[in-house]
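*Asks:* Let me begin by handing over the structure; questions about it come next.
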Amino acid sequence: MQIKGADVAGAVSPIFDDGGGANQRATGAALNASFTCGLGIFTMLRELHGVARLYERLFLDIIVSIFYTLFGGLLPKLHVPYRPLDGKIAIVTGANSGIGYQLALDLARRGATVYLACRNVSKGEEAVQAINQDLNRSGNHIDSKAGRVQALQLDTSSMSSVRKFAANWTDAQKGKPIDILIHNAGISSAPQGQDVTDEGLGTIYATNFLGSFLLTNLLEPSLAAGARVVFTAAAGQYAGNLTSLLRRPGGIPKPSLLDNLLGRKTPDSQLYADTKLMQTAFATALQQRWTRPPFAGKTLSAHAFMPGYVSTPIFSKTATLPLYVDPVWWALKAFRALSIPVEQGGATGLWLATTSDLEVRRHGGSYWDRMTRRMSPVQVMDPGVLERVWQCWERDCGGRCEEVGG
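Numbering (the numbering used here), first residue to last: 338 to 743.
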């Protein structure tokens, strides 16, 4: 007897019995569902692999940053290519000493008109005098011109002072376009008994970050095309916590359970780390903002950088802290011999403010360490967190971004 192929198919499996095509359609649907499921699993695994690689890179950058912070004195010196800045206008906050002074000096040496925004104007004037003396020394091709380096009053811990500074800039300077804005003002610890400002803000939070947030928004209309905004951050950002603002409005420190058990306030090193992470997050958020109208055509860029462990006056107030009060600042004392000179501490910031390097232009909103782009915790954050924290910043400085920034 001759057996037909259809009979064989029907005998082997009922799925080949067409039955009007229903079985074939069911089989196709099952295969399609299996394929879709398999593709979904593959996509999920690939995404998980990408996330794992991202966290691996973040972990490695944390290790590198810690090493560079503690052993920076053993590393090769950084060299910033010279780029003339004649005709450029720069503002540097906290510029009467330390890294801020060095950045102001280096910008002036390159021909920029530099404004030192300082809380203590008399110390700012002394810094201006020292810079002018440097410019007048033999061997410098940049001469000290009257008014090219000036000191202006600005207390970043006071939002009223920030508003006054911005208003004066608009009036007295006639809104001169700003090419370089460096946010360097900061403190490592609050003065004794002054954890909260007269405006009801955490002193470290207001000084290190919120004043910069408000000032940037107020001066945003005055930023020149291609302007750079640079934040002096720190490796401490890796220990920072942005969501702390959601729990403590105004950045007012609230002791944790451990702090209460030890009978201490929230360590200043933690508050400091929080503000350094905020600076990096703000740089990222600014860059995202500047890709949209009305800023898209101005090619503005914002960056945060780690100066390294520079033994500057900012750490002088933490030198006598006992171990139990703040172990981080206490531990740093052991590595002071390996700290780097202030010229090296400001090198990456100077490079970000002046370089024509395409990598810097392409990667606005980034965090940099020794002239190298590093990962920041901001890159693995849920975008919703940054949006909520931005709202906290607006709340704490007293107005929405559109209101304070125009």
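Positions of the beta carbon are idealized from the N, C-alpha and C atoms, including for glycine. Keep in mind that this is a model prediction, so the values were computed, not measured.
1. Give every residue of the same chain whose Cβ lies closer than 6 Å to the Cβ of Q624, excluding the five residues on either side of it in the sequence, and list them in chain order.
2. Let's test the definition: count the other Cβ atoms within 10 Å of the Cβ of K392 and tell me whether it reaches 16, buried, or not, exposed.
3. With a threshold of 16 other CB atoms inside 10 Å of the CB of I403, please say whether the residue is buried or exposed.
4. By how many angstroms is the C-alpha of S526 removed from the C-alpha of T406?
5. Run through the DSSP bridge pairs and tell me what H783 is partnered with.
6. Is the Cβ-Cβ distance between C734 and L560 less than 7 Å?
7. Which value, in whole angstroms, describes the spacing of the CA atoms of W727 and D611?
8. How should L660 be labelled, buried or exposed, when 16 other C-beta atoms within 10 angstroms of its C-beta is the threshold for buried?
9. Among all the DSSP beta bridges, which residues are the ones paired with I515?
10. So the alpha helix (DSSP H) A441 belongs to, where does it begin and stop?
11. Quick check on the DSSP output: the alpha helix (DSSP H) that includes L689 runs from which residue to which?
12. Output the distance between the C-alpha atoms of V697 and L689, rounded to the nearest integer angstrom.
13. Are the beta-carbon atoms belonging to L453 and A464 less than 7 Å from one another?
14. Using the three-state DSSP reduction, which class does T430 fall into: helix, strand or coil?
15. Since G634 contacts P590 with CB under 8 Å, what's their CB separation in whole angstroms?
16. So who's on the other strand from W627, going by DSSP bridges?
17. Please list, in chain order, all residues of the same chain as R711 whose beta carbon is under 6 Å from its beta carbon, the five residues on each side excluded.
18. Which value, in whole angstroms, describes the spacing of the CA atoms of H520 and A543?
19. Exposed or buried, which one is S495 when buried takes at least 16 other CB atoms within 10 Å?
20. Compute the Euclidean distance between the alpha carbons of A522 and R394, then round it to the nearest angstrom.
21. Identify, in the order they occur along the chain, each residue of the same chain with its Cβ nearer than 8 Å to the Cβ of E536, setting aside the five sequence neighbours on each side.
22. Please report the residue range of the alpha helix (DSSP H) in which S498 lies.
23. When the distance is taken between beta carbons, is V417 closer than 7 Å to A641?
24. In its own chain, which residues sit with a C-beta less than 6 Å from the C-beta of S549, not counting the 5 before and 5 after it?
25. Roughly how many whole angstroms lie between the Cα atoms of I426 and I517?
26. Give the DSSP-derived three-state secondary structure of L637 in the structure shown.
27. Roughly how many angstroms lie between the CA atoms of R626 and R474, to the nearest whole one?
28. Below 7 Å between beta carbons: does that hold for L646 and G409?
29. For G530 and G563, I'd like the C-alpha separation in whole angstroms.
*Replies:* So, from the listed chains and residues:
1. Once the five neighbours on either side are set aside, the close Cβ partners of Q624 are A639, G701 and G702.
2. According to the sequence provided, residue 392 is Tyr. The question's Lys does not apply to it. It is exposed - the Cβ of Y392 has fewer than 16 other Cβ atoms within 10 Å.
3. Result: exposed.
4. If you take the alpha carbons of T406 and S526, they lie about 19 Å apart.
5. In the structure as shown, the chain starts at 338 and stops at 743, and residue 783 therefore has no counterpart that could be examined.
6. No. Outside cutoff.
7. Roughly 14 Å between the two C-alpha positions.
8. Caution applies to L660, whose pLDDT of 49 falls short of 50 and renders its modelled position unreliable; the value that the coordinates give is listed next. Flag for L660 reads exposed.
9. I515 has L560 as its beta-bridge partners, per DSSP.
10. G435 to R446 is the extent of the alpha helix (DSSP H) around A441.
11. Per DSSP, L689 belongs to the alpha helix (DSSP H) from A684 to T691.
12. Between V697 and L689, the C-alpha separation is close to 7 Å.
13. Here L453 is near A464, since their CB atoms are less than 7 Å apart.
14. T430 falls in the strand class under three-state DSSP.
15. Contact flag wrong, Cβ pair sits at about 42 Å.
16. W627 is not bridged to any residue.
17. Around R711: D398 and Y704.
18. Inter-residue distance for H520 and A543 is about 13 Å (C-alpha atoms, whole angstroms).
19. If you draw a 10 Å sphere on the C-beta of S495, you find 16 or more other C-beta atoms in it, and that means buried.
20. Between A522 and R394, the C-alpha separation is close to 30 Å.
21. Exclusion of the five residues before and after E536 leaves S495, M496, S497 and A543 as the residues of its chain whose Cβ lies within less than 8 Å of its Cβ.
22. Its alpha helix (DSSP H) spans residues M496 to A509.
23. Cβ distance not < 7 Å, so A641 and V417 don't count as in contact.
24. For S549, where only same-chain residues beyond five positions count, the Cβ hits under 6 Å are H520.
25. Distance from the CA atom of I426 to the CA atom of I517, rounded to whole angstroms, is 6 Å.
26. In the three-state reduction of the DSSP assignment, L637 falls in the coil class.
27. Taking the straight line joining both Cα atoms gives about 43 Å.
28. As written in the sequence, residue 646 is Tyr, which differs from the Leu given in the question. Yes, these two residues count as a Cβ contact at 7 Å.
29. Going from the Cα of G530 to the Cα of G563 covers about 42 Å.
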